[in-house]
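Peer 1: After the structure tokens below, expect a handful of questions from me.
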Amino acid sequence: MDNRHGSWHKTRQRYIGGSILGLVTAVSLLGISARAEENLKIANVKLPKLREQAVLTYAPAVPPPIQRKVPAVVEVHMDSTVKTVEIKPGVTYKYWTFNGDVPGPFIRVRVGDVLEVHNTNSDQSGMPHNIDFHAVTGPGGGAPVTTVVKGEERVAWFKMLHSGLYVYHCAAPPVMDHIANGMFGLILVEPGKGLSKVDREFYVMQSEVYGRFKEVPKEEKTAEAKVEDDFWSEENTGDGHGHGEEAKPEERGELIFSHQEGLDEHPKYIFFNDKYGKHVGEGMLKAKVGEKVRIFFGNAGPNMISSFHVIGEIYDNVYREGDLVSKPGHSIQTTLVPAGGSTVVEFGLEVPGNYTLVDHAIFRVEKGAVGFLEAAGDPNPSVYVSDQDAAVCAGCKVHP
Ligand SMILES: [Cu+2]
Numbered sequence: 025m026d027n028r029h030g031s032w033h034k035t036r037q038r039y040i041g042g043s044i045l046g047l048v049t050a051v052s053l054l055g056i057s058a059r060a061e062e063n064l065k066i067a068n069v070k071l072p073k074l075r076e077q078a079v080l081t082y083a084p085a086v087p088p089p090i091q092r093k094v095p096a097v098v099e100v101h102m103d104s105t106v107k108t109v110e111i112k113p114g115v116t117y118k119y120w121t122f123n124g125d126v127p128g129p130f131i132r133v134r135v136g137d138v139l140e141v142h143n144t145n146s147d148q149s150g151m152p153h154n155i156d157f158h159a160v161t162g163p164g165g166g167a168p169v170t171t172v173v174k175g176e177e178r179v180a181w182f183k184m185l186h187s188g189l190y191v192y193h194c195a196a197p198p199v200m201d202h203i204a205n206g207m208f209g210l211i212l213v214e215p216g217k218g219l220s221k222v223d224r225e226f227y228v229m230q231s232e233v234y235g236r237f238k239e240v241p242k243e244e245k246t247a248e249a250k251v252e253d254d255f256w257s258e259e260n261t262g263d264g265h266g267h268g269e270e271a272k273p274e275e276r277g278e279l280i281f282s283h284q285e286g287l288d289e290h291p292k293y294i295f296f297n298d299k300y301g302k303h304v305g306e307g308m309l310k311a312k313v314g315e316k317v318r319i320f321f322g323n324a325g326p327n328m329i330s331s332f333h334v335i336g337e338i339y340d341n342v343y344r345e346g347d348l349v350s351k352p353g354h355s356i357q358t359t360l361v362p363a364g365g366s367t368v369v370e371f372g373l374e375v376p377g378n379y380t381l382v383d384h385a386i387f388r389v390e391k392g393a394v395g396f397l398e399a400a401g402d403p404n405p406s407v408y409v410s411d412q413d414a415a416v417c418a419g420c421k422v423h424p
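According to the working numbering, the sequence shown holds residues 25 to 424 in order.
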């Protein structure tokens, strides 16, 4: 604690870093403190006159497009917290989060804006957290000037020099642990002329979970668990798979994060947003035939490259790697999304039914990398017709 206290005093010193604004101060008040104003004045930084609070949304929601045509200071409040989530029926995991959700909030700004980040920490463990925005130009993407421990707040201003879709994540050491535990999200920096109009936008982020279950000695198991153990035994399952959606008895309870599993690149789960089946059934993304949809897709990794595909669709436009400056690719089936990277895909919906978001490294579907977009509407036999009704094989995870 003493060290942390010492470094807190150090961070209170005015600091001018290498980024375009690269300025940070510690404040305890909402908005800009007198100290912050003084620091900006000393550094001769002129912020845009216009100021607004960022509209923050949580997956799969996306904030509305930006209508203004002039730069603004966009105020964003980020708070680190810990939250236990049932990530699969019978399985809980203690996520480290930004603003209590995984992925963290979707932030939408415009190129030329100044992002005013207020970073706070409510994590009871005392662990420090910060934010590396891939949209920020300057050392660490802002991480070194946003580090906070419990009870602290730091404010920094970053000018958005590039448009694009960018990942942000906590980069407090060990950085991989903070990302693997859920501290990531997306920030969209719209080009000056904005994005083309679509009917619906969605926020989806792929991420891996690394962990091990607590061993429960057989004698401590409930009678029910023992019966299930027998059900899952070698003799009963043969090759040991194919018994449905529920976690196996040995894969129940609290999943404890494992750095070693991460090092071995052996994810227990791979999710589209924070849990198994988040966008399956009730949580399906919804749209209508005739609409044009856009998916802002990020890959937090920390290890895997995603082969992002929507079964039954061909992307009309792919803004590869989140590049909103170059012309998009067209008529693309699957696009690569690197760890710590993103993509923007757009497609029209011509035929009703369910479309399946997958990482086409297809075994990952069983680890959770699957979700659905439901398109409601009338049949369109001029595009898709058959001499029989649609039929689905039992146990199929990709064509419900
Ligand atoms: Cu962190």
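From the three backbone atoms N, C-alpha and C, an ideal C-beta is built for every residue, glycine too.
In this text, all values refer to a predicted model and were calculated from it rather than measured experimentally.
(1) Use the C-beta contact count for cysteine 417: other C-beta atoms within 10 angstroms, 16 or more gives buried, fewer gives exposed.
(2) Within the present structure, is the beta-carbon of tryptophan 181 separated from the nearest heavy atom of ligand 1 by less than 8 Å?
(3) Which word fits lysine 333, buried or exposed, when buried means at least 16 other C-beta atoms lie within 10 angstroms of its C-beta?
(4) According to DSSP, which residues form a beta bridge with serine 331?
(5) Got a sec? Which residues, its chain only, sit under 6 Å from histidine 267 by beta carbon, not counting five neighbours each side?
(6) Leaving out the 5 sequence neighbours to the left and right, which residues in its chain are closer than 6 Å to tyrosine 343 when beta-carbon positions are compared?
(7) In three-state terms, what does DSSP make of aspartate 411?
(8) Can you have a look at glutamate 177 and say buried or exposed, based on whether 16 or more other CB atoms are within 10 angstroms of its CB?
(9) With respect to the alpha helix (DSSP H) encompassing alanine 167, which residues constitute its N-terminal and C-terminal limits?
(10) What are the residues that DSSP puts in a beta bridge with asparagine 323?
(11) With DSSP as the reference, label glutamine 148 as helix, strand or coil.
(12) If I follow the unbroken beta strand (DSSP E) through lysine 310, where does it start and stop?
(13) State whether the segment 210-219 contacts the segment 230-239, with contact taken as three or more CB pairs (one from each stretch) at a distance under 8 Å.
(14) What's the gap between the Cα of lysine 34 and the Cα of leucine 210?
(15) Starting from the N-terminal end, write out each residue whose C-beta falls within a distance shorter than 5 Å of any non-hydrogen atom of ligand 1.
(16) Roughly how many angstroms lie between the CA atoms of serine 220 and valine 409, to the nearest whole one?
(17) Does the distance from the C-beta atom of asparagine 154 to that of valine 133 stay below 9 Å?
Peer 2: The answer reads as follows:
(1) Counting C-beta atoms within 10 angstroms of its own C-beta, cysteine 417 has fewer than 16 neighbours from the protein chains shown and is therefore classed as exposed.
(2) no
(3) This sequence places histidine at residue 333; lysine is not what is there. Buried, since its Cβ has 16 or more Cβ neighbours within 10 Å.
(4) Leu360
(5) Low confidence applies here, because histidine 267 scores a pLDDT of 45, under 50, leaving its location unreliable and the question unanswered by this model.
(6) Excluding residues up to 5 positions away in sequence, Pro352 and Val368 lie with their Cβ nearer than 6 Å to the Cβ of tyrosine 343 in the same chain.
(7) Coil, per DSSP.
(8) buried
(9) DSSP places alanine 167 outside any alpha helix (DSSP H), giving it a letter other than H or E.
(10) Gln230 and Gly365
(11) coil
(12) 309-312
(13) no
(14) Here lysine 34 scores only 35 on pLDDT, less than 50, and its place in the model is too uncertain to base an answer on.
(15) His153, Cys194, Ala196, His202 and Met207
(16) 31 Å
(17) no
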